[in-house]
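**Student:** Sending over a structure as structure tokens; questions will come in a sec.
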Amino acid sequence: MENSLDIVAPLFTLFLIPFYLLAAITLTSFIKVTVVLLILRNAIGLQQVPSTIIVMALALFLSAFVSMPVFEASIFALTTADLNLETIDQFLPVMAQVAAPFQSFVLNNVEPEQLAFFTEMAKEVWQGSSMEVSENNFFVQVPAFLISELSRGFQIGLLLYLPFTAIDLAITTILMALGMQQVQPSMIAAPFKLVLFIFIDGWDKLIEGLLLSYNYA
């Protein structure tokens with residue numbers, strides 16, 4: 005029994021650390037925030053400002069801000085669970101408790117159409133296996149949530165791109181009318197895009213829209 009405990013406890017720890025790291029990327033707002041910020045950077049025309057490292061850091065901390073109640077609930081479930089693990093069979097219920105807050109967050113923010121789509125895909129892909137095919141399966145919910153986040157990120161990115169594209173077209177038309185075809189429109193348009201973004205208080209409005217777009221219950 006003691007030897008079994010010596011094996012199961014380290015296995016649980018080794019599984020728990022990568023789970024939280026993976027959850028921070030895939031089961032939070034990180035993907036959508038990253039997509040939106042990268043599209044915004046490209047739309048303004050500043051290819052390396054802010055740098056990719058800064059974009060990723062901002063996305064990570066905004067995601068942590070959004071998902072803090074989820075992590076708190078998961079850690080609370082971990083601290084209240086019976087961690088006297090002696091067999092692998094005792095390991096799985098504890099992990100289910102730890103993952104439950106993330107599963108709840110995913111279900112509250114996944115698009116029903118995507119969930120139905122991946123449920124149908126699971127029936128085809130998992131055909132003949134013992135895997136449970138239903139919308140309650142966590143392995144069905146996660147990819148549905150990820151695609152939902154990507155779709156919403158692209159939708160927001162499109163709305164961000166449109167006004168900046170209008171500025172590009174206006175600057176290009178003016179330069180052509182003035183016979184200045186040799187001048188790159190992006191060099192002239194970038195300052196006007198920055199002025200527009202600053203004038204409308206773009207950062208606050210964008211971040212507010214991102215942070216308030218998630219449901220917890």
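For the sequence shown, counting from 1, position 5 maps to 9 in my numbering; every step adds exactly one. Note that the Cβ used here is the ideal one computed from N, Cα and C, for glycine as well. Please read all numbers here as calculations on a predicted model, not as lab measurements.
Taking only three categories from DSSP, how would you classify residue 77?
**Tutor:** Position 73 of the sequence shown, counted from the start, is the residue given in the question as residue 77. The answer is helix: DSSP assigns residue 77 an H, G or I state.
**Student:** Check this for me: beta carbons of residue 105 and residue 138, under 8 Å apart or not?
**Tutor:** In the sequence shown, residue 105 corresponds to position 101, counting from 1. In the sequence shown, residue 138 corresponds to position 134, counting from 1. Their beta carbons are not under 8 Å apart, which means residue 105 does not touch residue 138 by this criterion.
**Student:** Can you tell me whether DSSP reads residue 169 as helix, strand or coil?
**Tutor:** Start at 1 with the first residue of the sequence shown, and residue 169 comes out as number 165. Of the three classes helix, strand and coil, the one that applies to residue 169 here is helix, per DSSP.
**Student:** Considering only C-alpha positions, which residue in the set 147, 157 and 99 is nearest to residue 36?
**Tutor:** In the sequence shown, counting from the first residue as 1, residue 36 sits at position 32. Measuring from the Cα of residue 36, the nearest candidate turns out to be 157.
**Student:** I need the DSSP call for residue 204, collapsed to helix, strand or coil.
**Tutor:** To locate residue 204, count along the sequence shown from 1; it is residue 200. Coil at residue 204, not helix or strand.
**Student:** Is the beta carbon of residue 47 closer than 8 Å to that of residue 210?
**Tutor:** As a working mapping, residue 210 is identified with position 206 in the sequence shown. As a working mapping, residue 47 is identified with position 43 in the sequence shown. Not closer than 8 Å, so no.
**Student:** Identify whether residue 8 lies in helix, strand or coil by the three-state DSSP scheme.
**Tutor:** Taking the sequence shown and counting its residues from 1, one reaches residue 8 at position 4. With a pLDDT of 46 at residue 8, under the threshold of 50, the modelled position of that residue is not reliable, and the figure given next carries that caveat. In this structure, residue 8 counts as helix in the three-state DSSP scheme.
**Student:** So, is residue 177 buried or exposed, given that buried needs 16 or more other C-beta atoms within 10 angstroms?
**Tutor:** Locating residue 177 in the sequence shown gives position 173, counting from the first residue. When all chains shown are included, residue 177 counts as exposed.
**Student:** Is the CB-CB distance between residue 146 and residue 30 below 8 Å?
**Tutor:** Along the sequence shown, read from residue 1 onward, the residue named residue 146 stands at position 142. Along the sequence shown, read from residue 1 onward, the residue named residue 30 stands at position 26. Going by C-beta atoms, residue 146 is nearer than 8 Å to residue 30.
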